[in-house]
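Numbering (the working numbering), first residue to last: 67 to 859.
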């Protein structure tokens, strides 16, 4: 019985030897530790403590003293009952003062048994204004997720049958069954009556069709004892006088506004309202009376509602048109004589408009008025004139009359063309149109314009001629026209000179809202000067585009402004590790996160792989160097500042550049390019040329054209020679700028060209030509660093 395995254990129980011994248990008893020793069920409960000392039958009666809340039997066991074994309890052997060893046992904590959701998890609200509310069922930890008892709600509304509480007729029934956690709405709209919220734990309550008073089956939600923030009964009742309430509507009216038409009165059609109408056509008087039908009433329980008035009396239409004519004196017309005829259309005696028609005329004359109309002249043979109006015919005879003889009656007038202005508002020349009128003469007449003989005209009898004078001065004046002894002085007004308004300058100073990112305020000073342009269409100066000049300056925020400064954090950016390597060195550039430092904003960088927040980094510079990994950046306002609402930043990942190694070295190709000017030799002109070194490691290009020889003839000018490294070489040089100068002018023009010297051992490629062309486009100042690598021994 010295080993834990010697002891019978309960289901799940474990026992271990804790290795405790002492020669004096009185002063050093075994103390049960607060934390279960290793090997016992974590979170469990102590079940036995076995203290061993001596040998059964020799030094002690029972070598094992067992402390437990159950009885343990055996020849070597002394059982001591303890209802509970808890940390801090002390233990000794029942017979000896020493302890050889201690065995401690523990059982696992009992598994939690899921419980149904109790009524204490149920609460509700109720709004009597609209007979509605909400039931909320919480979900306690460890529950089965189902109510111990389901809840059945029946939301009901009733309508009064009369102006009294009882009886009532069932109107709406809405049911809600609740068995699981959640939020449940219930309602039943009430229209002139009563609303009730019934509830049961077994089944839905079924209301009867009629309610004549409180019934035994009425069980209200408020009577089930659930928690509520709106205490009171779950029912509501409206005033009984809402029963049968109807609103009478005024009749539609049409007023008699014209003769021959009656006014009308049309009563409304409304449920629950009876309308009766008394109407007299002749006078237009009316009375409409509205009364509620059985089971209905008006507001305030009024017995009736009356509308009365007049829509206008009926008037017969009266038509009494008359026509009269008068003739003028005889006048000589072209080749014969005529008299003018004037007609008067009289409609004073009518109360409706009348249309008068006659020779070449049709006029509608309003009632109670008359209209005088000039008709076509009548020749000396006379005429019969017939007019009609409102079904009546009026006939008039114009007697023949003697010929009036020869007669002239010339007339002249002038019409001035529109003033023409230039862009500065100055009026220029314009035109004048003269009208020579000989329509009332029966013989030709000569018309003459003083000082403008080119405009003189002979106008035939009965005719009218128009002539135009161009380039007439804008200053105006007058023209004199003579015709058959008559003189006409025709004035021409001067063109007005529009006055140009003076420019006006306004000065405006505006300060921007405080800028947290710069801790400053921008001051904008704007001068706006009006400008004026001439509008030839309207002949006036109008306002054109303003001339605006603006200058800006800044000032620091005051303490008060900075304390309420609103900052909008700027999104950070992340940058991966980069390996910068060449054939001389290799440098690993750290990855980093960049933030825009702003006044009042604190940026914190957290490594997602580090659970210790104390290792977070507060950004003090724009770029913060970081190891590869995933990071979260947060922004918060410093004291005295406020952050504008912003979306949280996404996670940032800094990728590793991997192994950073020095690149293999390559052969260095220096190369060279020189120029030789034109020269004279033996009265011959020797060509200028460019010479390049025969370096196997370079390809050469002159102004983007690849060279195929070491010497190339060129005319005077400036050239750019570029080298491009071939595979396995590198060239760190700059392009050469070569100037070929012209020879002396006295030299003869015979040209002797040098022989070209071909390259050997070079294999170029089309790729070099394209690259050289690109380098030429980029300019002669570009430094070329070309490294095309291959393995070399």
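All C-beta atoms, glycine included, are put in the ideal place defined by N, C-alpha and C. Given the structure is predicted, the values throughout are model-derived calculations rather than measurements.
Host beta strand (DSSP E) of residue i (start-end)
i, result
"residue 669", "667-673"
"residue 419", "Note, residue 419: premise wrong, no beta strand (DSSP E); not H, not E."
"residue 783", "783-791"
"residue 766", "764-768"
"residue 477", "477-482"
"residue 458", "458-464"
"residue 225", "217-228"
"residue 278", "Per DSSP, residue 278 belongs to no beta strand (DSSP E) and is neither H nor E."
"residue 144", "143-147"
"residue 745", "745-747"
"residue 868", "Residue coverage of the chain in this structure runs from 67 to 859, which leaves residue 868 outside it and unanswerable."
"residue 160", "Here residue 160 belongs to no beta strand (DSSP E), and DSSP marks it neither H nor E."
"residue 31", "Lying before the first or after the last residue shown, residue 31 is absent from the chain, which here runs from 67 to 859."
"residue 268", "Where residue 268 is concerned, there is no enclosing beta strand (DSSP E), given that its DSSP letter is neither H nor E."
"residue 429", "427-431"
Cutoff 7 Å; reference residue i; Cβ partners in own chain excluding five residues on either side
i, result
"residue 845", "With a pLDDT of 33 at residue 845, under the threshold of 50, the modelled position of that residue is not reliable, and the figure given next carries that caveat. Excluding positions up to five away in sequence, the list is empty."
"residue 802", "739, 787"
"residue 830", "Legend: pLDDT at residue 830 = 38, less than 50; position of this residue unreliable, value from coordinates given subsequently. For residue 830, where only same-chain residues beyond five positions count, the Cβ hits under 7 Å are 765, 772."
"residue 485", "493, 496, 540, 561, 605"
"residue 91", "158, 159, 163, 164, 165"
"residue 899", "Residue numbering for the chain in the displayed model covers 67 to 859; residue 899 lies beyond these limits and cannot be assessed."
"residue 392", "408"
"residue 109", "175"
"residue 473", "397, 398, 507, 508"
8 Å CB neighbourhood of residue i in its chain, flanking five on each side removed
i, result
"residue 286", "262, 263, 264, 265, 299, 300, 301"
"residue 588", "577, 578, 581, 618, 619, 620"
"residue 674", "695, 696, 697, 698, 717"
"residue 637", "715"
"residue 834", "Residue confidence is low: residue 834 scores 36 on pLDDT, short of 50, so the model does not pin down where it sits. Its coordinate-derived value is still stated next. Only 765, 767, 772, 790 meet the Cβ criterion."
Residues of its chain near residue i, where Cβ-Cβ distance is below 6 Å and the 5 sequence neighbours each way are ignored
i, result
"residue 71", "none"
"residue 544", "555, 557"
"residue 119", "159, 162, 164, 165, 166"
"residue 828", "Since pLDDT at residue 828 reaches only 35, below the 50 mark, its modelled position is unreliable, and no value is offered."
"residue 684", "670"
"residue 342", "355"
"residue 296", "191, 192"
"residue 869", "Lying before the first or after the last residue shown, residue 869 is absent from the chain, which here runs from 67 to 859."
"residue 551", "none"
"residue 198", "253"
"residue 652", "726, 727, 728"
"residue 222", "239, 254, 262, 273"
Nearest-angstrom beta carbon gap, residue j and residue i [assumed within contact, 8 Å]
i, j, result
"residue 480", "residue 487", "With 8 Å as the limit, residue 480 and residue 487 do not qualify as a contact, their Cβ atoms being about 21 Å apart."
"residue 355", "residue 377", "Not really, about 17 Å apart at Cβ, beyond 8 Å."
"residue 498", "residue 531", "At roughly 15 Å, the Cβ-Cβ gap does not stay under 8 Å, so residue 498 and residue 531 are not in contact."
"residue 756", "residue 720", "Between residue 720 and residue 756 the Cβ distance is about 51 Å, and since that is not below 8 Å, they are no contact."
"residue 258", "residue 309", "6 Å"
"residue 744", "residue 751", "6 Å"
"residue 230", "residue 323", "Not confirmed; about 51 Å, so no contact."
"residue 234", "residue 227", "7 Å"
"residue 655", "residue 646", "6 Å"
"residue 79", "residue 113", "6 Å"
Test: residue i CB closer than 8 Å to a CB of chain B
i, result
"residue 276", "Any reference to chain B falls outside this structure, which holds one protein chain only."
query: Is the region 164-173 touching the region 264-274, taking contact as three or more C-beta pairs under 8 Å?
result: no
task: Taking 8 Å as the threshold, find out whether the region 382-395 comes into contact with the region 411-429 through three or more Cβ pairs.
output: yes
query: In chain order, which beta strand (DSSP E) runs of at least 3 residues are fully inside the region 549-587?
result: 552-558, 571-577
field: Three or more C-beta pairs below 8 Å linking the region 199-217 and the region 234-252
entry: yes
message: Between the region 122-130 and the region 138-152, can you find at least three pairs of beta-carbon atoms closer than 8 Å?
response: yes
query: Counting only runs that start and end within the region 336-385, where is the alpha helix (DSSP H) found for 4 or more residues in a row?
result: none
- request: Would you check if there are 3 or more beta carbon pairs closer than 8 Å linking the region 148-158 to the region 88-106?
  value: yes
query: In chain order, which beta strand (DSSP E) runs of at least 3 residues are fully inside the region 281-324?
result: 301-303, 318-320
query: Along the chain, which unbroken stretches of the beta strand (DSSP E) at least 3 residues long are found entirely within the region 702-739?
result: 707-709, 718-720
query: Where are the beta strand (DSSP E) runs, 3 residues long or more, that stay fully inside the region 592-654, in chain order?
result: 598-601, 606-609, 613-622, 631-633, 639-641, 644-647
query: Can you give, in chain order, each stretch of the beta strand (DSSP E) that sits fully within the region 163-224 and has at least 3 residues?
result: 167-173, 181-183, 188-193, 198-203, 209-213
task: Indicate whether the contact test is met: 3 or more Cβ pairs, each with one atom in the region 274-284 and one in the region 177-190, closer than 8 Å.
output: no
- request: Determine, using beta-carbon pairs with one atom in the region 594-605 and one in the region 516-535, whether at least three such pairs fall under 8 Å.
  value: no
message: Any contact between the region 497-515 and the region 451-462? By contact I mean 3 or more CB pairs, one from each, below 8 Å.
response: no
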